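K.L.:
Quick one: the structure is below, questions incoming.
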Amino acid sequence: MLFSFRTLLFITSLFVSAGTWSSCIKVTDKSALSDAAIKAGYTAQNWIGATDTNTGNIGLPTVISVSNSETFQPSGTLLASGIGNFLTAATGTPYSSKQVLYRCDSADAGKLYEMYSTNGDSAFAGAFFTPEVEGAYYDVERNVAVRMTNLSTGEYYSRFWKERQLTADSWFQDD
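What the sequence shown shows, in mature numbering (1 follows the signal peptide of the UniProt record, and there is no 0), is residues -18 to -1, 1 to 157, in sequence order.
Shown next as structure tokens:
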């Protein structure tokens, strides 16, 4: 009987938790947009989302002069700084600032989140945490670390997914 109760509890939890998800569809072409959205300049095209092959310019200088001496720069020294935009830098095919990615029910407005992280299993982007600098991960270049900050939350990116609840300024509403 204990097995049956656990099975029932598991099945019940699936139904209970399923109610917290939002009802959204992925938008891959303009046919999913309303006339109001198109007139407001919104667009749509096929997109793949986050993958291991997404690379782009994150706003750092392309050349940084450093020495190969172990004592040249103390650990934690800022070598470069820049601001990158995931719309244009996160993929080989940039997103438009008015590209619609998802179409969701209005009732789901309080359940929409931006999810972000480094690529935690990649030596290029977050596999190796550095204890000397909070929130930084070693790059493949020896003794160089990178730290990214989500400018909307002020939080450092992590190799583990983080979320930011979206607000009305993050979407177009065309009831």
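Using N, Cα and C, we set each Cβ at its ideal position, and we do this for glycine too.
Since we're looking at a predicted model, the values are computed, not measured.
Skipping 5 residues on each side, what residues in its chain have a beta carbon closer than 7 Å to that of Leu69?
P.N.:
Answer for Leu69: Pro76, Tyr77, Ser79, listed in chain order.
K.L.:
For Ala6, I'd like the list of residues in its chain whose CB is within less than 6 Å of its CB, leaving aside the five on either flank, ordered along the chain.
P.N.:
At residue 6 the sequence reads Cys, which differs from the Ala that was named. For Cys6, where only same-chain residues beyond five positions count, the Cβ hits under 6 Å are Tyr84, Cys86.
K.L.:
Please identify the residue among Gly117, Tyr24, Lys12 whose C-alpha is closest to the C-alpha of Lys144.
P.N.:
Closest by alpha carbon: Gly117.
K.L.:
Can you tell me whether Ser63 is buried or exposed, with buried defined as 16 or more other CB within 10 angstroms of its CB?
P.N.:
With fewer than 16 Cβ atoms within 10 Å of its Cβ, Ser63 is classed as exposed.
K.L.:
Near Asp103, which residues of its chain fall below 7 Å by C-beta distance, leaving aside the five closest residues on each side in sequence?
P.N.:
Here the set comprises Ala109.
K.L.:
Please go through the region 71 to 149 and give each complete beta strand (DSSP E) segment of 3 or more residues, from N-terminal end onward.
P.N.:
List check, beta strand (DSSP E) in window: 84 to 86, 95 to 98, 144 to 147.
K.L.:
Does the distance from the C-beta atom of Ser57 to that of Asp156 stay below 8 Å?
P.N.:
Not closer than 8 Å, so no.
K.L.:
Can you list, in chain order, the residues of its chain with a C-beta nearer than 8 Å to that of Asn28? Leave out the 5 residues immediately preceding and following it.
P.N.:
The residues are Thr10, Asp11.
K.L.:
Can you give the beta carbon distance from Tyr138 to Arg146, rounded, assuming they're within the 8 Å contact cut?
P.N.:
Contact doesn't hold; Cβ gap of about 13 Å is too wide.
K.L.:
Quick check: what's the CA-CA separation for Asp121 versus Ala127?
P.N.:
Roughly 5 Å between the two C-alpha positions.
K.L.:
Let me check understanding here. Comparing Cα to Cα, which of Arg141, Ser99, Thr149, Tyr119 lies closest to Asp90?
P.N.:
Nearest option by C-alpha distance: Thr149.
K.L.:
Kindly indicate the opening and closing residues of the beta strand (DSSP E) around Ile20.
P.N.:
No beta strand (DSSP E) holds Ile20; the alpha helix (DSSP H) holding it covers 17 to 21.
K.L.:
So, are the CB atoms of Asn125 and Tyr98 less than 8 Å apart?
P.N.:
Going by C-beta atoms, Asn125 is not nearer than 8 Å to Tyr98.
K.L.:
Could you check which residue in Thr59, Thr135, Val82 has the C-alpha nearest to that of Ala26?
P.N.:
That would be Val82, whose Cα lies nearest to the Cα of Ala26.
K.L.:
In angstroms, rounded to a whole number, what distance separates the CA positions of Ala32 and Ser140?
P.N.:
Spanning the two alpha carbons is a distance of roughly 15 Å.
K.L.:
Do you know offhand how far Thr35's Cα is from Thr100's?
P.N.:
Rounded to the nearest angstrom, the two C-alpha atoms are 13 Å apart.
K.L.:
Take the Cβ of Tyr119 as the centre, count every other Cβ of all protein chains shown within 10 Å, and call the residue buried at 16 or more, exposed below.
P.N.:
By the neighbour-count rule (16 or more Cβ atoms within 10 Å), Tyr119 is buried.
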